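Residue numbers (the working numbering), protein chains in the order written: chain A, 6 to 257; chain B, 6 to 257; chain C, 781 to 1086; chain D, 781 to 1086.
The beta carbon of each residue, even a glycine, is placed where N, CA and C say it ideally should be.
Since this is a predicted model, take the numbers as computed values, not measurements.
Read the structure below first, then the notes.
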Amino acid sequence: MKPFDSRQCKLLAARELSPGIFDFTVSCPELAALAAPGQFAQILVPGHTLRRPISICSIGRETLRFVFQVRGEGTEKLSRYRPGDDIDILAPLGKGFPIDPNKRTLLVGGGIGVPPLLGVAEALGGNAVAVLGFRNRDLVILEEDFKNTGAKVLIATDDGSYGHKGLVTDLATGEDFQVLMACGPGPMLRGAGALAGERGVPGYLSLEQRMACGVGACLGCAVALTDGEGREYFGHVCKDGPVFPMDRLKEV
Amino acid sequence: MKPFDSRQCKLLAARELSPGIFDFTVSCPELAALAAPGQFAQILVPGHTLRRPISICSIGRETLRFVFQVRGEGTEKLSRYRPGDDIDILAPLGKGFPIDPNKRTLLVGGGIGVPPLLGVAEALGGNAVAVLGFRNRDLVILEEDFKNTGAKVLIATDDGSYGHKGLVTDLATGEDFQVLMACGPGPMLRGAGALAGERGVPGYLSLEQRMACGVGACLGCAVALTDGEGREYFGHVCKDGPVFPMDRLKEV
Amino acid sequence: MEKNNKLSVNIAGVEFNNPIIAASGTFGFGREYGELYPLSELGGISCKGTTLKERPGNPPPRVTETPGGMLNAVGLQNPGVEHFINEDLPWLSKQGTRIIANIAGSTVEDYCRTAELLNGTAVDMVELNISCPNVKEGGVQFGVTAEGVEGITRAVRERCKKPLMVKLSPNVTDITEMAIAAESGGADALSLINTLTGMRIDINSRRPIIRNNTGGLSGPAVLPVAIRMVWQVCNKVKLPVVGLGGISTWQDAVEMLLAGAVAIQVGTAIFTDPYAPIKIRDGLLEFMDKKGVKSVSELTGGVRPW
Amino acid sequence: MEKNNKLSVNIAGVEFNNPIIAASGTFGFGREYGELYPLSELGGISCKGTTLKERPGNPPPRVTETPGGMLNAVGLQNPGVEHFINEDLPWLSKQGTRIIANIAGSTVEDYCRTAELLNGTAVDMVELNISCPNVKEGGVQFGVTAEGVEGITRAVRERCKKPLMVKLSPNVTDITEMAIAAESGGADALSLINTLTGMRIDINSRRPIIRNNTGGLSGPAVLPVAIRMVWQVCNKVKLPVVGLGGISTWQDAVEMLLAGAVAIQVGTAIFTDPYAPIKIRDGLLEFMDKKGVKSVSELTGGVRPW
Ligand SMILES: Cc1cc2nc3c(=O)[nH]c(=O)nc-3n(C[C@H](O)[C@H](O)[C@H](O)COP(=O)(O)OP(=O)(O)OC[C@H]3O[C@@H](n4cnc5c(N)ncnc54)[C@H](O)[C@@H]3O)c2cc1C
Ligand SMILES: Cc1cc2nc3c(=O)[nH]c(=O)nc-3n(C[C@H](O)[C@H](O)[C@H](O)COP(=O)(O)OP(=O)(O)OC[C@H]3O[C@@H](n4cnc5c(N)ncnc54)[C@H](O)[C@@H]3O)c2cc1C
Ligand SMILES: Cc1cc2nc3c(=O)[nH]c(=O)nc-3n(C[C@H](O)[C@H](O)[C@H](O)COP(=O)(O)O)c2cc1C
Ligand SMILES: Cc1cc2nc3c(=O)[nH]c(=O)nc-3n(C[C@H](O)[C@H](O)[C@H](O)COP(=O)(O)O)c2cc1C
Ligand code: FES
Ligand code: FES
C-alpha cells in the first residue's frame, strides 16, 4: 500500500473560524485511513508551482480536517473554495507526534499552531492538558473541540481579553505531565522546550520550513539536527519531521 | 469619455450552443454604450498574462454578448465561468464594420466567424442576407438569432447534413448586395473577397492575429497592409482592424 | 496626481514625480493608455524603441503567451526618430510626465545620430537599447560583450546632450561586467532587464509560434532573474539603476527597490491590466505609509543579504 | 509498464524504455516517489547530484515559489558518492529503469575521482553537473566559459568509462559555445538546461527569501528559454541532447522533442504533481498515436523554423 498519495478530495464543509482562519473538512477515505496526528498534507493551489503544507488538524473515518490561516496568495485562493469543490491533496506526509494514551501529555499550542494538536488530543482520549495561547479573544479557536476530546483545556491571551493574560507556558505551572508536545511560533516553542527541560520530560516540537516536494526527495526543507554523538547535520522537516524530539534539534 | 475601459462584468447567462462553443451575456452598461458591431473585447483569464481577444457578438442596452469556442487553456478556463461570476473585460476595441442600413449587405460567416456578424445583422435592421457556413448540422449556431434580425438567412454545411452542401459563397449566387462583410477562416475570407471582386462591391473582412495589448500600444498584432499608392506596411489588427476594407490587405 | 514628495525620485539629475515608469515597447508613445488615465499619473514613459530611419518590424505572429509570461518579436517597428520628434513628442511633452526616448540601431553611427537628433528636443532622458534580441541588427551585438557595451556607450555619450541610461540585456554570463562597462563608457544610469530570449513551438504545425522563431521573454516569469541581476549590479556600480522585468504588483516593485533600484519600469503587466502602473504606485505609497517610510529612496538597496 | 518500442530511445548507446527521465535533485534517489509508482515506468532517473565527499548543503530556507516557478539553493547536500554506490545504487539498480549519476565537485580532480568511482558500478550514464549555481564551489565556474567546459569534459572523459552527458548552465551569453566545447571535450550527450539564477526578497524582513541570497529558477517559467537553448544547440552540435527546464505537460515535452531533444527530463513539475512524468509519458504516446508517429525519435528535431 502507498504510504501517501495525491487525490482529488471533495470539500465537504468550509467555515471561517476567526478572521482569516478557515476550517475545511474534506472527503478522502484512502488518505484518512493512513493519517496520524501531527502529519501534514501538501495542498495544491492551481496555478501555483509549489503545494502548500498544511497540518492535519483532525482525522475522521473518511475525512480529514484542516485549519489554516490566510498568509499569502496561495492560502487566500484556497480560502475561496466552496463545499463541493475538489482539492488536490498529497497526504499524509512526515512523522507525527508519538502518542501514548497512557502518558499524561501536555499539549502546548500557539495561534495557528493549535490545530495540529487537536488530533493529538483526540488520540490521547482525555489524557491531555491543552494549554493554548492566542493574541486576543477574537482569535481563540477550537476551544470547544479540545474540550470535547476530554482534555483539560486552559487558554491564555496576550492581552488578557480571554483566559490567562500572558504566556501559554505559565498555564502549565500547576500541571503534571510525562511528555510535552508543542506547535506554534518560535518563541513559544523555545518556552515549551525549556519547560520540558525543567520538568525532565521528553518534548516533541512541530516545526515549519519552506518546502517543495514534501516527501523527502528534494532536500528543500532543511533543519539543523544533532545526532546522538552531538554531530550536526541537516535533516528534513517533511520526512524526518515535522515533529522532532527536541533534543535532536540544534536550535529551536 | 474613455473610448474603452476595463471593467469587472457580471456574467448574466452562460450556455453551451454546440459542443465546445459557449454563449456568454455579461452586464456592462458603460462598455455596451460604447460598442459597435465588429469590435472586440480583451477578456482576462486570471493566471494568464495575455488577455483573450473575443469579438462582440451582439450589443444590448446594458449587456454584451460573446460567443467563443474552446481552443486552448484560456478559453477552456473561461468556459467554466458560471452566472454570477465576474469577468474582467477590456472593451470595446478596434474598428468594427462600416454599417449602412440603406445598403443591402451580404454577410458571409464561417464557423466561429459567424457570431461577430450577428451584431451587424441587428444593426442593419433586416437589410441583410446572411450566408453562414458550418462543418455539419451539430455545429450550426445562431440561426434563429440571425432570423430574428429580419435578415434573410442561408446555411451551408461542409457535409450537407443541413442546408446547402458546399461553400458558403455558393449561397450568394442568386443574391443582390451592395457591400460584403465577412468573418471566418482564411479560405472562406479569400472566397468572400473574390466574390466581392466579381460583383464589384466593397468588401470588409474581419481578421485575427495574436495580440498582447489589444489597444495599439505594443505593435504585436501586425498585418501587412497596402496604402493608396501600393506601398506596403504593417498595420495592426487591434487598432486598424479587426475589420479591414479588403483592398487594403496585402493578402488574405 | 499631485506631486507627492514621498514618491519623487531623481535619476541622473532628472526629477520623476514617482518611481513608476512605463517600459519601452509596451506603452507605445502613450496615446492609447492615455485614454484611460492622465499620463501625469506616471513618473515617466519610456517610449517605443526608435531608430534613425523608419523600420517595418517583423512579420506576424509577433507575440504569444508562455507560462507566467509572454514572448515578443516586434522587431523595432517604428516610424523613425524624426517622426517621433515631430509627431509624437509635441503631444507627449505636454502630458506632465517624464519622457524617455528609447533608441536602437544597426551601427554605432546610427545610434549616435539618433541620439544627436534628440539633443534639442523635449525628451528628458535617452535610454540606449543595446539589448533588443528580436532584430538581426538590433543592437544586441553591442550588448553582450563588455567592449561592445563600453564602446557604444562612450560613442553615444559624446554626442548625446541628454542624461543617458543604458539598458542591459539579461542574456549574458555576467551582467555586472556589462554594467561596469556601461559605467566606464559614461552612462548616467542603467536600466535592466530587457527580455530573455525564448521560443515556443506549435506542436500541430511544428512551426515556431513566433514568426521570428525566437522572441523575448517578459512578464512575471522573469521577475526573479531581474531582481537577482539588479541586486548584483547595484553591488558593483554606483550608477542609479532602474529595475524592470516581470513587475506586476506593488510587492514586486518594493522587492525591486530593495534590491537596489531607484525606480522601476512596468511593461508586460500593462497588457494584463492597463491600470497596473497606477495600482503599483498606490500600493507602494500605502506600504510606505504603513511602514513609516518617508521617501521611496529609503527603500532603494534596503535588502539585508544573509 | 511494458516495453513500448514506440517510446524507446537510445542516448549515447544506452537504451531507455521511454524518453521521460526524472531530473536531478527533484527525485532524490528514487525511494520517495517509488512509493507511488514503479520506477520502471520512467525511462530513467537522474539521481540527486553527488560529490566525492559528503556535503551538508546550505542552511534553510532553500526553496521558495516564484511566478510560474521556484527557486532552490539546496547546495548539493548529499552523502558522498561512496554512500550513493553502497547504499542507494544496489536498490536503484533493481528498479528496472536507467540510472544516471549526476556528479559535481569543487575541482577537476574531484569530478574525475567521483566519475572513476562510478566506473565499475551499475550506473548507466554519468551526468556532469558543471552548472550548479548554488554552491560557492559547485562547478558553475567550469560551466560558463568554453575553455572551462571543454577542459573538465576532457578530463572526466579520460577517466570515466560510462557514457558521459554534460549538463549545461543557461546562465551564459551563448549556450552553443558551451555545447561545442563539451562536444570537443568528448561528451557523449548533453543535457540542458540547469537553473537560471534568480532572487526573491521578503519585503517585510528585507531579507532574501533564500538563505543563500540567490537560488536557481526552475519550473514552467523557464520553459521558453529551455526550448530556445535546446533548439540553438541542436542546430550546432551532433550530440544527442536531453532537454529539460519547465516541462510540466506532455505538450511541453512534444515541443522540447520537436526543438531537437532525444529525450526529456522532468523536474519541478513533480513537486506540483508527483504523477507528472507518468502523465507526460501517457499524453505523449496518445499524441503519437493520434498523429501516426511510429517512434518518438521521429519527433526529435521536427520543428520547421520559419
Ligand atoms: C509542516 C507544516 C505544517 C503547516 N501547517 C499549517 C497549518 O496547519 N495551518 C496553517 O495555517 N499553516 C500551516 N503551515 C504554514 C503554511 O504552510 C503557510 O502559511 C503557507 O504555505 C503560506 O502560503 P501562502 O501561499 O499563503 O503564502 P506565500 O507567502 O504566498 O507563499 C510563498 C511560498 O512560501 C511558502 N511559505 C510561506 N510561509 C510558509 C511557512 N510558514 N511554512 C512553510 N512554507 C511557507 C509557501 O508554501 C509558498 O511556497 C504549515 C507549514 C508547514 C511546513
Ligand atoms: C479580433 C479577434 C476576435 C476574435 N473573436 C473570437 C470570437 O468571437 N470567438 C472565438 O471563439 N474566438 C475568437 N477569436 C480567437 C480567440 O482569440 C482565440 O481562440 C483565443 O485567444 C484562444 O485562446 P486559448 O487560451 O484558448 O488558446 P491558447 O492556444 O492556449 O492561447 C495561447 C495564446 O495564443 C493566443 N491565440 C491563440 N489562438 C488565437 C487566435 N486564433 N487569434 C488570436 N490569438 C490567438 C491566445 O490569445 C493566447 O495569447 C478572436 C481573435 C481575434 C484576434
Ligand atoms: C511587446 C514588447 C515590445 C518591446 N519593445 C521594446 C523596445 O522597443 N525597446 C526596449 O528597450 N525594450 C522593449 N521591450 C522590453 C521591455 O521594455 C522590458 O525590458 C521587458 O519586457 C521586461 O519587462 P516586463 O517584464 O515588465 O515587460 C519590449 C517588450 C515587449 C513585451
Ligand atoms: C530542488 C532542486 C534541486 C536540484 N538539484 C540538482 C542537482 O543536484 N544537480 C543538477 O544537475 N541539477 C539539479 N537541479 C536542476 C534540475 O535538475 C533541472 O535542471 C532544473 O530544475 C530545470 O528543470 P525543471 O524546470 O523541470 O525543474 C535541481 C533543481 C531543483 C528544483
Ligand atoms: S520538501 Fe522536499 S525534502 Fe522536504
Ligand atoms: S495587440 Fe498590441 S498593438 Fe495590437
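DSSP puts histidine 241/A in a beta bridge; with which residues?
The partner list for histidine 241/A (beta bridge, DSSP) reads Ala227/A.
What's the call for methionine 6/A, buried or exposed, on a 16-neighbour Cβ count within 10 Å?
exposed
At least one CB of chain C closer than 8 angstroms to the CB of tryptophan 1086/D: is that the case?
yes
To which residues of the same chain is lysine 100/A closer than 8 angstroms at the C-beta, ignoring the five residues directly before and after it?
Spatial neighbours of lysine 100/A in its own chain (CB-CB distance under 8 angstroms, excluding positions within 5 residues in sequence) are listed in chain order as Gly43, Gln44, Lys244, Asp245, Gly246, Pro247, Val248.
Proximal residues of chain B, C-beta to C-beta of asparagine 852/C below 8 angstroms
Ala217, Cys223, Gly225
Work out the CA separation of glycine 999/C and tryptophan 871/C for me, nearest whole Å.
29 angstroms
Output yes if chain C places a C-beta closer than 8 angstroms to the C-beta of asparagine 993/D; else output no.
yes
Distance cut-off 7 angstroms: glycine 931/C Cβ against heavy atoms of ligand 1:
no
Consider the C-beta atom of isoleucine 1027/C and the heavy atoms of ligand 3; say whether any pair is separated by less than 7 angstroms.
yes
Using a threshold of 7 angstroms, is the CB atom of lysine 942/D nearer than that to any non-hydrogen atom of ligand 3?
no
At least one CB of chain D closer than 8 angstroms to the CB of threonine 80/A: is that the case?
no
Min CB distance valine 794/C to chain B below 8 angstroms
no
Going by DSSP, name the residue or residues bridged to glycine 824/D.
Glycine 824/D has Ile801/D, Arg878/D as its beta-bridge partners, per DSSP.
Contacts around proline 841/D, its chain only, beta-carbon distance under 7 angstroms, and the 5 residues preceding and following it disregarded:
Ile989, Ile990, Arg991
Is the closest heavy atom of ligand 4 to the C-beta of lysine 833/D under 7 angstroms?
no
Give the single residue among Ala1006/C, Pro1004/C, Asn951/C, Val888/C whose Cα lies nearest to the Cα of serine 911/C.
Closest by C-alpha distance to serine 911/C, out of Ala1006/C, Pro1004/C, Asn951/C, Val888/C, is Asn951/C.
Per DSSP, the bridge partner or partners of tyrosine 209/A:
Met186/A, Pro250/A
Can you list, in chain order, the residues of the stretch 1038 to 1050 of chain D whose Cβ is nearer than 7 angstroms to any Cβ on chain C?
Leu1038, Ala1039
Is there a C-beta anywhere in chain D that falls below 8 angstroms from the one on leucine 1003/C?
Flagged as an interface residue toward chain D: leucine 1003/C, by a C-beta distance shorter than 8 angstroms.
Kindly indicate which residue of Lys833/D, Glu834/D, Pro799/D has the alpha-carbon position closest to the one of leucine 822/D.
Residue Pro799/D is the option with its Cα nearest to leucine 822/D.
Straight-line Cα distance separating cysteine 218/B from glycine 130/B:
Answer to the nearest angstrom: the Cα atoms are 33 angstroms apart.
If you compare alpha carbons, which of Gly966/D, Asp890/D, Asn1015/D, Val843/D is closest to proline 1085/D?
Nearest of Gly966/D, Asp890/D, Asn1015/D, Val843/D to proline 1085/D, Cα basis: Asn1015/D.
Under the criterion of a Cβ to heavy atom distance below 7 angstroms, does cysteine 226/A qualify as lining ligand 5?
yes
Just verifying my parser: in three-state terms, what is the DSSP assignment at alanine 156/A?
DSSP places alanine 156/A in coil when its eight states are reduced to three.
Mind listing which residues of the stretch 943 to 969 of chain D have their C-beta closer than 7 angstroms to chain C's C-betas, in chain order?
Across the stretch 943 to 969 of chain D, CB contacts with chain C closer than 7 angstroms involve Asn951, Val952, Thr953, in sequence order along the chain.
Kindly list, in the order they appear in chain C, the residues whose Cβ is closer than 7 angstroms to that of glutamine 1031/D.
Ile983
Tell me which residues share the same chain as cysteine 188/B and place their Cβ nearer than 7 angstroms to its Cβ, disregarding the 5 neighbours each side in the sequence.
Gly114, Gly118, Pro121, Leu122, Ser211
Does the beta-carbon of lysine 100/B, which I'm using as the reference point, lie nearer than 7 angstroms to any heavy atom of ligand 5?
No.
Cα-Cα separation, leucine 95/A to phenylalanine 1051/C:
35 angstroms
Where does serine 985/C land, buried or exposed, given buried means 16+ other C-beta within 10 angstroms?
By the neighbour-count criterion, in which 16 or more other beta carbons inside 10 Å mark a residue as buried, serine 985/C falls on the exposed side.
Could you tell me the alpha carbon to alpha carbon distance between serine 788/C and glycine 233/A, rounded to whole angstroms?
58 angstroms
Cα separation between valine 75/A and lysine 82/A?
9 angstroms
Leaving out the 5 sequence neighbours to the left and right, which residues in its chain are closer than 8 angstroms to threonine 977/D when beta-carbon positions are compared?
Pro913, Asn951, Thr994, Gly995, Gly996, Leu997
Roughly how many whole angstroms lie between the Cα atoms of methionine 781/D and leucine 816/D?
Bear in mind that a pLDDT of 48 at methionine 781/D, under 50, signals an unreliable position, so the number given afterwards is only what the model happens to contain. Rounded to whole angstroms, methionine 781/D to leucine 816/D spans 14 angstroms at the Cα level.
With 16 as the cutoff for other CB atoms within 10 Å, does arginine 268/B come out buried or exposed?
In this structure chain B extends from 6 to 257, so residue 268/B is not present and cannot be described.
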